[in-house]
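Protein chains: 2
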Amino acid sequence: MTVSALPTAPALSISDFVSHWQGHRALTRRVIAAFPEEALFTFSVGGMRPFGVQATEIHLLSAMTVQAMDTGQWPEPDWAAGPATQAELLREWDALDERLSQVGAGTDPAFFSALHTLPWGNMPGWVATIYAVDNEIHHRAQGYVYLRALGVEPPAFYER
Amino acid sequence: MTVSALPTAPALSISDFVSHWQGHRALTRRVIAAFPEEALFTFSVGGMRPFGVQATEIHLLSAMTVQAMDTGQWPEPDWAAGPATQAELLREWDALDERLSQVGAGTDPAFFSALHTLPWGNMPGWVATIYAVDNEIHHRAQGYVYLRALGVEPPAFYER
């Protein structure tokens, strides 16, 4: 790599980013599975949404993002059409894992620096993509509080 | 960029990563400031630590990480020696923002791919560095639940 290339030198390469996300997805799957089935879509703290509803939103946003990495297109999902049971959520989670494994590392490098049009605005691909991961970490952490409040020990955060 | 460079093509460049973290730091600062002073180091849900204690840990880990980006060294902080009031926490937060602005973009590109020795194990620089951001998002989200439980509207997650 020449000195002139340094300003765009990677902090995270594409394969780093994909394995970063895969590690978080594995952890989030363990958090979904840790919920008592009857609490997943009903229990909440402070008037917030139940974790099952948050996890369904994470899933739909993630599926939208993987689709964009593959095709460059960001069609808005039907937010009301996601999985509605723990088993269905885990099944769709695994299917999306499979798709991310297939297409993630082959994402066009230009995807990350190019400007994209999303339903909620224009932004560089890296901003849109890492937002999906940030949103997952954010809502999953709220699931940690719910689990603690339910008396369930959550999975270790540092294990991916 | 030649085709042979593609396997290490950036998902996030160094300057992308720094601005990503700065955006999260600005949001976390707003969350710290949103807490009623008397609740910051005392209120909790589900037997978890108060948000002030979590935010102090975020600060110490972030300071350790910025120091490593600057020097390549990861000396473990004294976890008991962090700021202990809201005002002190915000002051130290601002000072670290200043340091990150000064040194972040100049981080040696080799830092991110090289293997580093941290007090809790050996890992590539990008893993160690983004862990600090993930840890911040994770604990800040727990602060969101505390704020909701306290009847305080938290700052918008998507604003950075």
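Sequence order for the protein chains is A and B. Residue 118 in the numbering used here is what sits at position 125 of the first sequence, and the numbering runs on without skipping anything. Residue 118 in the numbering used here is what sits at position 125 of the second sequence, and the numbering runs on without skipping anything. The beta carbon of each residue, even a glycine, is placed where N, CA and C say it ideally should be.
(Q) Please list the terminal residues of the continuous beta strand (DSSP E) segment that includes residue 76/B. (A) Neither: residue 76/B is in no beta strand (DSSP E) and is coded neither H nor E.
Q: Counting only runs of 4+ residues fully inside the segment 97 to 136 of chain B, write out the alpha helix (DSSP H) ranges in chain order.
A: 102 to 106
Q. Is it right to say residue 103/B is buried, meaning 16 or more other beta carbons lie within 10 angstroms of its own, or is it exposed?
A. exposed
Q) Where residue 8/B and residue 99/B are concerned, what is the direct C-alpha to C-alpha distance, given to the nearest angstrom? A) 9 Å
Q. With distances taken from CA atoms, which of 152/A, 140/A, 153/A, 129/A is nearest residue 38/A?
A. 140/A
**Q.** Touching by the beta-carbon criterion (3+ pairs, under 8 Å), the segment 52 to 69 of chain A and the segment 103 to 112 of chain A
**A.** yes
Q: Compute the distance between the beta-carbons of residue 5/B and residue 4/A, then report whether it is under 9 Å.
A: yes
Q.
Does the structure place the segment 13 to 29 of chain B close enough to the segment 141 to 151 of chain B that three or more beta carbon pairs sit under 8 Å?
A. yes
Q: Kindly indicate which residue of 96/A, 79/A, 115/A has the alpha-carbon position closest to the one of residue 33/A.
A: 79/A
Q | Bridge partner(s) assigned by DSSP for residue 3/A | A | 6/B
Q. Between residue 138/B and chain A, is there a C-beta pair that is closer than 9 Å?
A. yes
Q. Counting Cβ pairs closer than 8 Å, one from the segment 83 to 92 of chain B and one from the segment 120 to 136 of chain B, do we hit at least three?
A. no
Q: Ignoring anything shorter than 4 residues or poking outside the segment 28 to 60 of chain A, list the alpha helix (DSSP H) runs there in chain order.
A: 30 to 33
Q. Does the beta carbon of residue 120/A come closer than 9 Å to any beta carbon on chain B?
A. yes
**Q.** Three-state secondary structure assigned by DSSP to residue -2/A
**A.** For residue -2/A, the predicted structure reports a pLDDT of 42, less than 50, and the residue's modelled location is therefore unreliable. A value from the coordinates is still provided. Residue -2/A falls in the helix class under three-state DSSP.
Q: Could you check the C-alpha separation between residue 44/A and residue 74/A for me, to the nearest Å?
A: 16 Å
Q: Please check the pair residue 131/B and residue 130/A, which I expect to be a contact at CB under 8 Å, by giving their CB distance rounded to whole angstroms.
A: 6 Å
Q. Using the beta-carbon count (16 or more within 10 Å), is residue 14/B buried or exposed?
A. buried
Q.
If the criterion is Cβ atoms closer than 9 Å, does the pair residue 65/B and residue 153/B meet it?
A. no
**Q.** DSSP state of residue 63/A mapped onto helix, strand, coil
**A.** helix
**Q.** 9 Å Cβ cutoff, residue 57/B in contact with chain A
**A.** no
Q) Is there a Cβ from chain A that is less than 9 Å from the Cβ of residue 100/B? A) yes
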